[in-house]
Amino acid sequence: MLLAGLCTVDQVQRVAEIPAPGEKVRSLSMDVAAGGPATNAAVTVAALGAEATLLTVAGAHPLAVLARVDLEAHGVDLVDLDPGRPDPPAISAIVVRDSDGERTVVSRNAHASPQFVTYLRSLRTRLSQAGDEMPGCVLLDGHHPEVALEVARWAKERAIPVVLDAGSWKPVFPELLPLVDIAACSSLYRGDDPREYGVRVVITTAGPEPVRWSTADGSGAVPVPVTQARDTLGAGDVWHGAFAYAVARGEGDVPGWIAFANEVAAERVRHEGPRSWTAAVAKMGEG
């Protein structure tokens, strides 16, 4: 599978209670891992046993090594489109409440360097050299919009399904959505209806509530498994990765793909920490 989008370095502090303004608290645990929608989705795809190639911007800053090491350890093939970028990568400061796994995130999205344009020009060539075997699906998160557009066009020319993690409206969407086959939005999505741009399948996730879907042939909702959440960080990203994995297999239908993604995301939230869930999820894939 091919995934393109944001890669961050996440510092995750687990606490008994979310601190009030001006309050200092001692954390129960601390983790550092790569993060971002496409990145967490790539880790999910790899955990399920499929090949996961992540197109992103990491750069040469020492902090980027933290993300590289984490992704390598979890089987993700990282393709850095701006490897000489000297600035720090995007950093997310995250607090997770111990009692229910609810998370609070403060982050600043990544920006590419001026040299990024040079690397972008070679992207299509690099995609064409990826080998004879084409990915079964492409997942985009809309970050690094030039990359998203180039990958979407490349996939469209080859009839490869394009899935968009449309968590929130982004300026690139009017140009990107006509290239998308499936748009998976969160309930907090505020923007144009993807169907106005010709998107054939529109999905809306809402945390523990049923996941709604709509196609030209019908609509419906798929219930989410009832579970005790221990950590909700990245659960939506895991959902998107599992959904795209199901699409890439080329079997089943929209409700079935959603049901599988619901199960995988439910398994993720049962585990504390940014990567502790991968071993359990690995048992759910079929390679």
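Residue numbers (the UniProt record's numbering): 1 to 287.
Here a beta-carbon is modelled for each residue, glycine too, at the ideal position from N, C-alpha and C.
Asked                                                                                                                        : Found
Sequence ranges, beta strand (DSSP E) only - wholly within the stretch 164-189, length at least 3                            : 182-186
Contact check, Asp-217 vs Arg-200, beta carbons under 7 Å                                                                    : no
Whole-angstrom distance between Leu-233 and Glu-102, CA atom to CA atom                                                      : 8 Å
Contact between the stretch 242-259 and the stretch 61-78 (3+ Cβ pairs under 8 Å)                                            : no
Sheet register partners of Gln-228 (DSSP bridge)                                                                             : Its beta-bridge partners do not exist; DSSP assigns none.
Terminal residues of the beta strand (DSSP E) in which Ala-221 lies                                                          : 218-222
Beta carbon of Leu-139 nearer than 7 Å to that of Val-163                                                                    : yes
CA-to-CA distance, Ser-214 to Ser-27, given in whole angstroms                                                               : 42 Å
Chain B contact for Tyr-189 (CB, 7 Å cutoff)                                                                                 : Among the protein chains of the structure shown there is no chain B, as only one such chain exists.
Beta-carbon gap between Ala-52 and Met-1 smaller than 7 Å                                                                    : yes
Cα-Cα separation between Gly-250 and Val-25, rounded to whole angstroms                                                      : 48 Å
Distance between Gly-5 and His-144 (C-alpha atoms, nearest Å)                                                                : 6 Å
Classification of Ser-92 by the beta-carbon crowding that lies within 10 angstroms, buried from 16 upward                    : buried
Glu-272 beta carbon less than 7 Å from that of Asp-237                                                                       : no
Chain-order list of residues whose beta-carbon lies under 7 Å from that of Ile-18 (same chain, five-residue window excluded) : Val-95, Arg-97, Thr-104
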